[in-house]
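Below is one structure, written out as structure tokens; comments come after it.
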Amino acid sequence: MRYRSQSVAYWYFAVAMLLFGLQLAFGMLSAIKYLGPDPLINVLPFDKTKVIHTNLLIVWVLTGFMGATYWLVPEESRGELHSTRLAYVQLGLWVAMGLGAVVSYLFGWGTGNKLLEQPLPCKLAIVACMLIFLYNVGMTIRKAGRFTTTEAVLLLGIGSAAVLYLPALIHYHNYTVAIFYRWWTIHLWVEGVWEMIQGSFLAYLLIRLSGADREVMEKWLYVIVGLVFIAGILGTAHHYYWVGVPSYWLGIGSVFSALEPVALLAMAIYAYNAMRRSGLAHPNVLALHWTLGSAIFTLFGAGLLGLAHTMPSVNKWTHGTLITAMHGHAAFYGAYVMIVLAMISYTLPEISRERSERGSSIGYWAFWLQVTGMFGMTLSFAAAGIGQVYLERILGLGYLDTQLKIQVHFLMLIATATMFVVGAGLFIWDFFRRAPNFQLSETSETDAPAIGLRTAPEPAPLR
Ligand code: HEM
Ligand code: HEM
Ligand SMILES: [Fe+2]
Numbered sequence: 083m084r085y086r087s088q089s090v091a092y093w094y095f096a097v098a099m100l101l102f103g104l105q106l107a108f109g110m111l112s113a114i115k116y117l118g119p120d121p122l123i124n125v126l127p128f129d130k131t132k133v134i135h136t137n138l139l140i141v142w143v144l145t146g147f148m149g150a151t152y153w154l155v156p157e158e159s160r161g162e163l164h165s166t167r168l169a170y171v172q173l174g175l176w177v178a179m180g181l182g183a184v185v186s187y188l189f190g191w192g193t194g195n196k197l198l199e200q201p202l203p204c205k206l207a208i209v210a211c212m213l214i215f216l217y218n219v220g221m222t223i224r225k226a227g228r229f230t231t232t233e234a235v236l237l238l239g240i241g242s243a244a245v246l247y248l249p250a251l252i253h254y255h256n257y258t259v260a261i262f263y264r265w266w267t268i269h270l271w272v273e274g275v276w277e278m279i280q281g282s283f284l285a286y287l288l289i290r291l292s293g294a295d296r297e298v299m300e301k302w303l304y305v306i307v308g309l310v311f312i313a314g315i316l317g318t319a320h321h322y323y324w325v326g327v328p329s330y331w332l333g334i335g336s337v338f339s340a341l342e343p344v345a346l347l348a349m350a351i352y353a354y355n356a357m358r359r360s361g362l363a364h365p366n367v368l369a370l371h372w373t374l375g376s377a378i379f380t381l382f383g384a385g386l387l388g389l390a391h392t393m394p395s396v397n398k399w400t401h402g403t404l405i406t407a408m409h410g411h412a413a414f415y416g417a418y419v420m421i422v423l424a425m426i427s428y429t430l431p432e433i434s435r436e437r438s439e440r441g442s443s444i445g446y447w448a449f450w451l452q453v454t455g456m457f458g459m460t461l462s463f464a465a466a467g468i469g470q471v472y473l474e475r476i477l478g479l480g481y482l483d484t485q486l487k488i489q490v491h492f493l494m495l496i497a498t499a500t501m502f503v504v505g506a507g508l509f510i511w512d513f514f515r516r517a518p519n520f521q522l523s524e525t526s527e528t529d530a531p532a533i534g535l536r537t538a539p540e541p542a543p544l545r
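Okay, structure coming up:
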């Protein structure tokens with residue numbers, strides 16, 4: 083840690099870890115209900131456990147993004163955060179909002195639009211948190227007077243994510259209109275501006291872990307952002323096939339969403355090449371596992387499994403089935419969970435006591451159990467989804483009859499999810515088992531390293 087105020091990242095990460103654990107508890111509860119009978123049906127039915135599961139995911143991943151940004155910006159801009167107090171006020175409000183939303187779902191209060199169910203006061207709290215966050219980060223960069231490309235892409239991602247949340251504040255009476263604008267938030271988040279956030283964390287980590295040339299890495303970041311924009315924006319139309327809008331969206335959706343994996347392929351090649359050409363410049367091999375893992379798993383979960391059901395000829399059968407859940411898990415995990423865990427793994431030796439720079443064996447177990455578990459969960463959802471599409475949509479069997487026939491796949495889901503939960507539990511345990519330690523380090527990214535490693539060149543300020 084080179085700047086005292088970077089310590090706020092630790093508390094954001096700690097909150098993210100606790101909410102990650104809670105998210106998984108509600109995921110397990112949702113899965114077990116598929117096996118029935120459900121003794122909790124009157125208190126905690128599936129709709130409540132699922133909404134809590136997905137909302138906690140979004141909240142903790144965003145908490146991770148915020149913590150990682152508060153870590154990254156002082157280091158890139160070479161100056162302390164504008165205000166640590168504001169960062170803690172933001173965290174307090176954010177936690178109150180997250181827990182408030184969970185409690186309100188337990189009572190059945192919410193605004194109903196999938197993934198954007200937060201009650202209005204929670205939505206307003208989200209807007210307030212984003213404003214504080216953007217102000218604090220913006221002022222930090224202004225004061226320091228140094229703005230790197232990595233930061234520019236990160237800020238573009240965070241700023242646009244905040245703006246794209248605004249359509250979610252409006253209540254629409256017409257269901258088609260509601261669905262139409264819902265995707266401006268959800269799709270443009272996960273297949274647009276969040277990818278910029280992922281891309282900038284990837285660049286930050288690869289420059290440090292591989293010692294790859296900053297100028298080259300940042301140039302490629304522009305290319306990736308360009309590709310995301312070209313395909314991602316009009317790719318939104320792959321959600322407009324069956325929602326009651328004109329049929330020209332079918333063609334637009336097919337062409338542009340089919341191009342989306344190109345950006346993800348570029349990202350994976352980018353990460354692999356940085357490693358292959360520049361080698362290893364940092365002892366933290368565990369963080370490297372998460373970083374490369376994120377690029378590769380995204381290509382699999384979002385690129386390949388997204389492509390698998392993005393054409394109207396396929397999507398007319400698979401829309402809204404467990405095929406969507408298959409892709410949703412693998413894509414979200416690869417792109418956003420793994421990149422947050424990469425940032426945490428990278429910072430952990432610097433913000434907690436008595437840790438080896440290389441990562442502990444618990445850390446490696448956590449990585450492999452999670453990756454294997456999530457791969458298994460993806461296959462389980464896929465097998466269940468294919469069965470569901472065939473029986474329900476092609477043979478015309480009733481929804482519940484179909485569910486009975488595919489129950490066996492939920493046994494496999496629960497077995498593989500258990501493996502995942504052990505991996506995630508180990509990660510969380512590894513995070514908390516050492517006390518935090520906020521001592522400033524003597525060496526910097528560009529100082530001569532003690533381990534005979536290559537160093538990244540000084541970045542040129544943009545202004
Ligand atoms: C990191 C990137 C991505 C993430 C996190 C992600 C996540 C998700 C999630 C959570 C859903 C379900 C949304 C809902 O029903 O509310 C979804 C749906 C969908 N995704 Fe992605 N996705 C990503 C990238 C992609 C890409 C690149 C493609 C296409 C090439 C794609 C194609 C689709 C399609 C077609 C659906 C609609 C499924 C349906 O009709 O039920 N996704 N995605
Ligand atoms: C203990 C591990 C987990 C279990 C057992 C689990 C189980 C489930 C279940 C049963 C559903 C409802 C599917 C349906 O609508 O029928 C669901 C939805 C979802 N889960 Fe998980 N989950 C787990 C972990 C995760 C993780 C780590 C992520 C993030 C990467 C995640 C992301 C999602 C998403 C995005 C949805 C909504 C999918 C959709 O729109 O179709 N889950 N999960
Ligand atoms: Fe999409």
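Residue numbers (the working numbering): 83 to 545.
Glycine included, each C-beta is placed from N, C-alpha and C at the ideal position.
Predicted, not measured: the structure shown is a model, and the values here were computed from it.
**Item:** Straight-line Cα distance separating Gly274 from Phe311
**Value:** Indexing the sequence shown from 1 puts residue 311 at position 229. Indexing the sequence shown from 1 puts residue 274 at position 192. Cα to Cα, the separation comes out at about 7 Å.
**Straight-line gap, Thr528 to Met278 (C-alpha atoms, nearest Å)** = What you label residue 528 is simply residue 446 of the sequence shown in a count that begins at 1. What you label residue 278 is simply residue 196 of the sequence shown in a count that begins at 1. Here Thr528 scores only 42 on pLDDT, less than 50, and its place in the model should not be relied on; the value that follows carries that caveat. C-alpha separation (whole angstroms): 25 Å.
**Request:** Out of Gly402, Pro365, Tyr217, Ser242, state which residue places its alpha-carbon closest to the alpha-carbon of Gly467.
**Result:** In the sequence shown, the residue the question calls residue 467 occupies position 385. Of Gly402, Pro365, Tyr217, Ser242, the residue nearest in Cα terms is Gly402.
**Item:** Cα-Cα separation, Thr151 to Val143
**Value:** In the sequence shown, residue 151 corresponds to position 69, counting from 1. In the sequence shown, residue 143 corresponds to position 61, counting from 1. Spanning the two alpha carbons is a distance of roughly 12 Å.
**Prompt:** Pick out every residue whose C-beta is nearer than 5 Å to a heavy atom of ligand 3: which are they, in chain order?
**Reply:** With the cut-off at 5 Å, the residues found are His269, Glu273.
**Request:** Starting from the C-beta of Tyr428, find all residues in its chain whose C-beta is less than 7 Å away, skip the five residues before and the five after it, and write them out in chain order.
**Result:** Numbered from 1 along the sequence shown, position 346 holds the residue referred to as residue 428. Same-chain partners within the cutoff: Leu287, Asn366, Ala369.
**Item:** Other residues of its chain near Leu246: CB distance less than 7 Å, five sequence neighbours each side excluded
**Value:** Here residue 246 is taken as the residue at index 164 of the sequence shown, counted from 1. So the qualifying residues of the chain are Trp266, Thr267, Leu270, Trp271, Val275.
**Prompt:** Does the Cβ of Ser339 lie closer than 8 Å to at least one heavy atom of ligand 1?
**Reply:** Numbered from 1 along the sequence shown, position 257 holds the residue referred to as residue 339. True, at least one ligand heavy atom lies under 8 Å from that Cβ.
**Item:** Residues bridged to Ser443 (per DSSP)
**Value:** Position 361 of the sequence shown holds residue 443. Ser443 is not bridged to any residue.
**Request:** Using 8 Å as the cut-off, classify the Cβ of Ile378 as near or not near the heavy atoms of ligand 4, replying yes or no.
**Result:** Absent from the structure shown: ligand 4. Ligands present: ligand 1, ligand 2 and ligand 3.
**Request:** Can you give me the start and stop residues for the alpha helix (DSSP H) that His411 sits inside?
**Result:** Position 329 of the sequence shown, counting from 1, holds the residue named residue 411. That run of the alpha helix (DSSP H) goes 404–414.
**Message:** ligand 1 and Trp276: does the residue's C-beta get closer than 8 Å to at least one heavy atom of that ligand?
**Reply:** Position 194 of the sequence shown, counting from 1, holds the residue named residue 276. Trp276: yes, Cβ under 8 Å from ligand 1.
**Request:** Report the option in Phe463, Ile476, Glu474 whose CA atom is closest to the CA atom of Ala497.
**Result:** Looking up residue 497 in the sequence shown gives position 415. Per the Cα distances, Phe463.
**Item:** Uninterrupted alpha helix (DSSP H) stretches inside the segment 147–193 (no shorter than 4 residues)
**Value:** Taking only runs of at least 4 residues, the alpha helix (DSSP H) segments lying wholly in the segment 147–193 are 166–188.
**Request:** Could you pull the start and end residues of the alpha helix (DSSP H) that Pro343 belongs to?
**Result:** Here residue 343 refers to the residue found at position 261 of the sequence shown. For Pro343, the enclosing alpha helix (DSSP H) has its first and last residue at 330–360.
**Message:** Could you pull the DSSP bridge partners for Pro518 from this structure?
**Reply:** Within the sequence shown, residue 518 is the residue found at index 436, counting from 1. Note: Pro518 sits in a beta bridge opposite Ser434.
**Request:** Count the C-beta pairs between the segment 152–162 and the segment 192–207 that are closer than 8 Å, then say yes if the count reaches three, no if not.
**Result:** These segments do not touch.
**Asked** By DSSP, does His491 sit in helix, in strand, or in coil?
**Response** Locating residue 491 in the sequence shown gives position 409, where the first residue counts as 1. Helix, per DSSP.
**Ala301 - containing alpha helix (DSSP H), residue span** = For the purposes of this step, residue 301 is taken as residue 219 along the sequence shown, with counting starting at 1. In the sequence as displayed, the identity of residue 301 is Lys instead of Ala. 296–317 is the span of the alpha helix (DSSP H), which, as asked, contains Lys301.
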